[in-house]
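Here is the structure we will look at.
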Amino acid sequence: MNPNSDLKNNESVMAANAESSTVGVGYAESRISEYAARFAAYSDERLKQTIDHERKVRGWGSERSYFLAALRGECEKRGLAYCW
1 MNPNSDLKNN ESVMAANAES STVGVGYAES RISEYAARFA AYSDERLKQT
51 IDHERKVRGW GSERSYFLAA LRGECEKRGL AYCW
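This is the structure in structure tokens:
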């Protein structure tokens, strides 16, 4: 018998998935906040250098997405172009 066909097991798997996705959101928000605090302390020139550097980076992962979300947010606050 397939353990995933058991209704009780499915409910526990769904509950575990819901809990882990909530934890992930909290982690993402905390990482974005940490990066945002770092970027807020940067001068405009240093922020522009960071943008120029990031345009050349081709890697991707969840941590990079948090970094870029914070970078985009700071650029929007300052009215700097950030799209690439």
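Take the sequence shown: its position 66, counting from 1, is numbered 66 in full-length UniProt numbering, and each next residue is one higher. Ideal Cβ positions, reconstructed from N, Cα and C, are used throughout, including at glycine. All of these numbers come straight from a predicted model, not from anything done at the bench.
Does the Cβ-Cβ distance between Leu47 and Glu74 come in under 8 Å? Reading the sequence shown from its first residue, position 47 is the one you call residue 47. Reading the sequence shown from its first residue, position 74 is the one you call residue 74. Going by C-beta atoms, Leu47 is nearer than 8 Å to Glu74.
Tell me where the alpha helix (DSSP H) around Ser65 begins and ends. Counting from one through the sequence shown, the residue named residue 65 turns up at place 65. It spans Ser62 to Arg78 - the alpha helix (DSSP H) in which Ser65 sits, taken as one unbroken run.
Distance, Cα to Cα, Met1 vs Ile51? Within the sequence shown, the letter at position 1 stands for residue 1. Within the sequence shown, the letter at position 51 stands for residue 51. Note on Met1: pLDDT 47, under 50, position unreliable in the model; no value is reported.
By the DSSP assignment, the alpha helix (DSSP H) with Arg46 in it spans what residues? One-based indexing of the sequence shown puts residue 46 at position 46. Start and end: Asp44 to Lys56.
Please report the straight-line C-alpha distance between Ala41 and Glu34, rounded to a whole angstrom. Translated into the one-based positions of the sequence shown, residue 41 becomes position 41. Translated into the one-based positions of the sequence shown, residue 34 becomes position 34. Near 11 Å, if we compare the C-alpha coordinates of Glu34 and Ala41.
In whole angstroms, what is the alpha-carbon distance linking Phe67 and Arg55? Walking along the sequence shown from the start, residue 67 turns up at place 67. Walking along the sequence shown from the start, residue 55 turns up at place 55. Taking the straight line joining both Cα atoms gives about 13 Å.
Would you tell me roughly how many angstroms separate the C-alpha atoms of Gly61 and Ala37, rounded to the nearest one? Against the sequence shown, residue 61 aligns to sequence position 61. Against the sequence shown, residue 37 aligns to sequence position 37. Distance between the alpha carbons of Gly61 and Ala37: 21 Å.
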